[in-house]
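Colleague: The structure follows.
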Amino acid sequence: MAESTFTTHDELSQTLTAVLDRLGVGDPFVAADQGGATITARSPITGTEFGLLTAHTGSDVAAIIEQAQTAFEQWRLVPAPVRGKLVRELGELLREHKDDLGALVSIEAGKITSEGLGEVQEMIDICDLAVGLSRQLFGQTIATERPGHRMMEQWHPLGVVGVISAFNFPVAVWSWNTALALVCGDAVVWKPSDKTPLTALACQALMNEAARRVGAPEGLSQLLLGGVEVGEALVDDARVALLSATGSTRMGRAVAPRVAGRFGKLLLELGGNNAAIVAPSADLDLAVRGIVFSAAGTAGQRCTSLRRVIAHSSIVDDLVARLTSAYASLPIGSPLAAGTLVGPLIDAASYEGFGKALAAAQADGGTLVVGGERVHAEESEDAFYVQPAIVTMAAQTDIVKAETFAPILYVLSYDSFDEAIALQNDVAQGLSSAVFTLNVREAEQFVSAIGSDCGIANVNIGPSGAEIGGAFGGEKETGGGRESGSDAWKAYMRRTTNTVNYSTELPLAQGVEFV
Ligand code: NAD
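Just so we're aligned, residue 1 is where the sequence shown starts under the UniProt record's numbering, counting upward by one.
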């Protein structure tokens with residue numbers, strides 16, 4: 001492991017105070033004896049706590065949704081290209097505050113500086129996309145079988161969109177949903193992870209400023225701070241027309257039946273267990289770079305993180321040797337320090353999950369080739385840094401099929417390409433996947449209907465790090481939702497089919513006579 005510097009709690013607190021001030025949040029902390037619900041803001045960099053923030057309770061939620069519903073009723077009357085101006089302002093503010101918001105993402109979610117900035121860039125990109133979209137919410141004209149008639153589709157605003165987001169993309173997921181929802185004419189109520197409330201307060205401050213500049217209705221885009229109780233109140237409110245929930249499959253399993261029970265619309269972005277197949281023809285230098293970024297980057301805490309490599313038996317030993325050497329020199333430490341590539345796990349529970357998964361994999365006959373140790377424990381016992389691990393496995397056992405949200409890479413081998421695809425698909429999740437091959441037949445098969453069963457299937461790049469232009473999401477236990485680009489906007493609107501009769505006759509469809 002290479003040397004890297006460690007940030008102290010005092011340095012972190014000073015940076016935080018300056019960043020919150022510039023982002024318009026000010027001093028959000030409250031006294032412990034102030035009464036009412038609170039949540040704790042902390043940083044995984046040092047593990048120490050910054051202070052308490054006022055949280056909402058389940059009973060606050062109804063009033064906030066009511067206000068959002070009122071704002072929606074005004075906002076839907078604003079022409080879509082004019083709605084785009086609000087998102088353009090938000091994008092401009094994000095450009096202006098990119099460094100500070102990126103630093104806050106690093107402080108609160110533990111992402112290295114470049115990834116914190118990358119997350120804000122993703123917000124800017126979705127704002128650009130949504131502004132363009134505000135002039136392109138196209139419906140179709142459809143040929144009708146009846147003379148003197150015209151049939152068309154229109155897309156109308158949906159209502160209040162509830163957004164639940166996970167800790168690991170504390171700002172981007174909100175922006176994917178909010179930028180699209182706002183141009184589509186919806187209001188937004190957001191419940192972020194209770195592990196990342198400060199980034200949420202900063203986003204809300206920027207949103208409030210954008211709304212003030214364009215004169216958007218009061219309460220159009222709002223924030224709910226709190227834990228599961230607050231999330232559940234949002235899930236159960238019949239005025240929430242669409243619930244977009246990002247997080248674990250466990251959360252999706254709890255939320256989905258409740259929304260379905262009230263016939264609400266649901267967009268689920270849940271866990272992944274992403275694999276890369278490495279074929280004999282692969283450019284191994286490129287594959288190693290793609291694998292290390294996808295598996296060890298973000299300390300394995302992306303939904304698209306690479307968790308399984310399925311390598312051809314003729315190259316698996318060479319590949320593991322190269323990966324082991326790359327892993328051995330990964331700089332692990334404070335995500336704010338220049339040169340760090342691997343930051344901390346989010347908390348103690350995550351570290352515990354990492355250890356348990358490694359033990360289970362070894363109990364299943366796996367060999368720990370590199371990593372697995374805790375590091376930097378002497379600087380802070382409340383921060384959890386680990387050496388990313390590689391475990392070779394003879395079989396895809398239950399622990400390999402589970403998503404452990406930490407940097408563990410399981411390596412399996414294969415002999416035929418069909419076997420590799422079967423292994424890749426033989427998990428409950430279906431988010432992202434990749435193949436490294438220079439064989440065009442393998443590449444095409446992988447992205448075909450008999451290839452990867454995931455929502456994302458890449459060739460010669462890793463499974464992690466999507467652009468916002470494509471639809472993002474996955475199948476099976478990943479939940480089936482799609483966000484971001486392509487036609488994902490349709491989830492945020494309702495479709496009406498209109499048949500207009502401009503004739504003097506009343507012909508019925510399918511030639512039905514009724515006289
Ligand atoms: P989590 O499921 O613990 O929490 C996610 C959010 O759901 C939080 O805001 C939490 O408060 C809320 N929540 C949890 N239970 C709830 C309930 N019963 N009702 C209402 N709200 C509830 O997930 P996490 O640990 O924050 O994030 C990691 C997980 O998220 C991983 O599984 C990862 O794969 C997944 N994830 C998926 C995507 C994707 O786009 N597919 C993106 C990011 C993260």
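Built from N, CA and C at the ideal position, the CB exists for glycine as well.
Would you list the one or two residues that DSSP bridges to residue 540?
Modeller: Given a span of 1 to 515 for the chain in the structure shown, any question on residue 540 remains unanswerable.
Colleague: Would the C-beta of residue 164 count as close to ligand 1, meaning under 7 Å from any of its heavy atoms?
Modeller: What you label residue 164 is simply residue 164 of the sequence shown in a count that begins at 1. Correct: residue 164 has its Cβ closer than 7 Å to ligand 1.
Colleague: My output table needs one value for residue 269: the three-state DSSP class, helix, strand or coil.
Modeller: Counted from its first residue, the sequence shown places residue 269 at position 269. Correct three-state label for residue 269: strand.
Colleague: Is the Cβ-Cβ distance between residue 435 and residue 444 less than 8 Å?
Modeller: For the purposes of this step, residue 435 is taken as the residue at position 435 of the sequence shown. For the purposes of this step, residue 444 is taken as the residue at position 444 of the sequence shown. No, the Cβ-Cβ distance between residue 435 and residue 444 is not below 8 Å.
Colleague: Check for me: the alpha helix (DSSP H) holding residue 327 runs from which residue to which?
Modeller: By one-based count along the sequence shown, residue 327 stands at place 327. Segment 316-328, the alpha helix (DSSP H) holding residue 327.
Colleague: Tell me the rounded alpha-carbon separation between residue 186 and residue 156.
Modeller: Within the sequence shown, numbered from 1, the residue matching residue 186 stands at position 186. Within the sequence shown, numbered from 1, the residue matching residue 156 stands at position 156. Going by the C-alpha atoms only, they are around 9 Å apart.
Colleague: In whole angstroms, what is the alpha-carbon distance linking residue 493 and residue 161?
Modeller: Mapped onto the sequence shown, residue 493 falls at position 493. Mapped onto the sequence shown, residue 161 falls at position 161. Each residue's Cα considered, the two are about 10 Å apart.
Colleague: Tell me residue 385's beta-bridge partners as DSSP assigns them.
Modeller: Translated into positions along the sequence shown, residue 385 becomes position 385. Residue 385 pairs with 375.
Colleague: Could you check whether residue 406 and residue 353 sit closer than 8 Å to each other, using their CB atoms as the reference points?
Modeller: Within the sequence shown, numbered from 1, the residue matching residue 353 stands at position 353. Within the sequence shown, numbered from 1, the residue matching residue 406 stands at position 406. Cβ atoms of residue 353 and residue 406: closer than 8 Å.
Colleague: Please classify residue 515: is it buried, with 16 or more other beta-carbons within 10 angstroms of its beta-carbon, or exposed?
Modeller: Taking the sequence shown and counting its residues from 1, one reaches residue 515 at position 515. Result: exposed.
Colleague: Of all the options 476, 281 and 401, which has the alpha carbon lying nearest to the alpha carbon of residue 312?
Modeller: The residue labelled residue 312 in the question sits at position 312 within the sequence shown. Cα-wise, what sits closest to residue 312 is 281.
Colleague: Mapping DSSP to helix, strand and coil, what is residue 3?
Modeller: By one-based count along the sequence shown, residue 3 stands at place 3. Confidence is the limiting factor: at residue 3 the pLDDT is only 47, short of 50, which leaves the residue's position unreliable and the question unanswerable from this model.
Colleague: At 4 residues or longer, and completely inside the region 87-112: list those alpha helix (DSSP H) runs for me, N to C.
Modeller: Qualifying alpha helix (DSSP H) stretches, in chain order: 98-109.
Colleague: Look at the alpha carbon of residue 146 and the alpha carbon of residue 140, and state the distance between them as a whole number of angstroms.
Modeller: Taking the first residue of the sequence shown as position 1, residue 146 is located at position 146. Taking the first residue of the sequence shown as position 1, residue 140 is located at position 140. Going from the Cα of residue 146 to the Cα of residue 140 covers about 17 Å.
Colleague: Quick one: grab the DSSP three-state call for residue 399.
Modeller: Taking the first residue of the sequence shown as 1, we reach residue 399 at position 399. Correct three-state label for residue 399: helix.
Colleague: Closest by CA to residue 21, which one among 205, 195 and 51?
Modeller: If you number the sequence shown from 1, residue 21 lands on position 21. The option with the nearest alpha carbon to residue 21 is 205.
Colleague: Any heavy atom of ligand 1 within a distance shorter than 7 Å of the CB on residue 274?
Modeller: Residue mapping note: residue 274 aligns to position 274 of the sequence shown, counting from 1. False, no ligand heavy atom lies under 7 Å from that Cβ.
Colleague: Return helix, strand or coil for residue 228, following the three-state DSSP convention.
Modeller: Against the sequence shown, residue 228 aligns to sequence position 228. Looking at residue 228 - three-state DSSP - the assignment turns out to be helix.
Colleague: Which whole-angstrom value describes the C-beta separation of residue 195 and residue 346, a residue pair presumed to lie in contact below a C-beta threshold of 8 Å?
Modeller: Here residue 195 is taken as the residue at index 195 of the sequence shown, counted from 1. Here residue 346 is taken as the residue at index 346 of the sequence shown, counted from 1. Right, the Cβ-Cβ distance comes to about 6 Å (below 8 Å), so this counts as a contact.
Colleague: DSSP state of residue 9, grouped into three classes?
Modeller: Within the sequence shown, numbered from 1, the residue matching residue 9 stands at position 9. Note: residue 9 maps to helix in three-state DSSP.
Colleague: Does the distance between the C-beta of residue 352 and the nearest non-hydrogen atom of ligand 1 fall short of 7 Å?
Modeller: Translated into the one-based positions of the sequence shown, residue 352 becomes position 352. Flag unset: Cβ of residue 352 not near ligand 1.
Colleague: Would the beta-carbon of residue 384 be found less than 7 Å away from any heavy atom of ligand 1?
Modeller: Looking up residue 384 in the sequence shown gives position 384. No, Cβ of residue 384 sits at least 7 Å from all heavy atoms of ligand 1.
Colleague: Please report the straight-line C-alpha distance between residue 212 and residue 284, rounded to a whole angstrom.
Modeller: Counting from 1 along the sequence shown, the entry for residue 212 is found at position 212. Counting from 1 along the sequence shown, the entry for residue 284 is found at position 284. Going from the Cα of residue 212 to the Cα of residue 284 covers about 52 Å.
Colleague: Taking three-plus beta-carbon pairs below 8 Å as touching, is the region 352-368 in contact with the region 317-326?
Modeller: With the cut-off at 8 Å, the region 352-368 and the region 317-326 do not touch.
Colleague: Comparing the CB of residue 255 with every heavy atom of ligand 1, is any distance shorter than 7 Å?
Modeller: Residue 255 sits at position 255 when you count from the first residue of the sequence shown. Yes - ligand 1 has a heavy atom lying nearer than 7 Å to the Cβ of residue 255.
Colleague: Quick one: what's got a C-beta closer than 6 Å to residue 130's C-beta in the same chain, skipping five residues either side?
Modeller: For the purposes of this step, residue 130 is taken as residue 130 along the sequence shown, with counting starting at 1. 87, 179, 180 and 183, listed in sequence order.
Colleague: What beta strand (DSSP E) runs, 3 residues minimum, are completely inside the region 421-475?
Modeller: Here the runs fully enclosed are 432-436 and 456-459.
Colleague: Ordered along the chain, which non-local residues of its own chain (more than five positions away) have a Cβ less than 8 Å from that of residue 238?
Modeller: Mapped onto the sequence shown, residue 238 falls at position 238. 262 and 264, listed in sequence order.
Colleague: Quick one: what's got a C-beta closer than 6 Å to residue 292's C-beta in the same chain, skipping five residues either side?
Modeller: Translated into the one-based positions of the sequence shown, residue 292 becomes position 292. Same-chain partners within the cutoff: 326.
Colleague: Could you tell me the boundaries of the alpha helix (DSSP H) in which residue 478 lies?
Modeller: Taking the first residue of the sequence shown as position 1, residue 478 is located at position 478. First-last for residue 478: undefined, no H or E at that position.
Colleague: What distance in whole Å lies between the Cβ atoms of residue 39 and residue 189, which are believed to be in contact at a cut-off of 8 Å?
Modeller: Numbered from 1 along the sequence shown, position 189 holds the residue referred to as residue 189. Numbered from 1 along the sequence shown, position 39 holds the residue referred to as residue 39. At roughly 17 Å, the Cβ-Cβ gap does not stay under 8 Å, so residue 189 and residue 39 are not in contact.
Colleague: Sort 465, 36, 35 and 107 by Cα distance to residue 14 and report the nearest one.
Modeller: Residue mapping note: residue 14 aligns to position 14 of the sequence shown, counting from 1. Considering only alpha carbons, the answer is 107.
Colleague: Give me the residue from 332, 300 and 414 with the minimum Cα distance to residue 374.
Modeller: The count along the sequence shown starts at 1 and reaches residue 374 at position 374. Ranking 332, 300 and 414 by Cα distance to residue 374 puts 332 first.
Colleague: Skipping 5 residues on each side, what residues in its chain have a beta carbon closer than 8 Å to that of residue 23?
Modeller: Here residue 23 refers to the residue found at position 23 when the sequence shown is read from its first residue. Here the set comprises 97, 100, 101, 104, 202, 205 and 206.
Colleague: Run the proximity test for residue 251: is its beta-carbon closer than 7 Å to any non-hydrogen atom belonging to ligand 1?
Modeller: Along the sequence shown, read from residue 1 onward, the residue named residue 251 stands at position 251. Result yes, Cβ under 7 Å from ligand 1.
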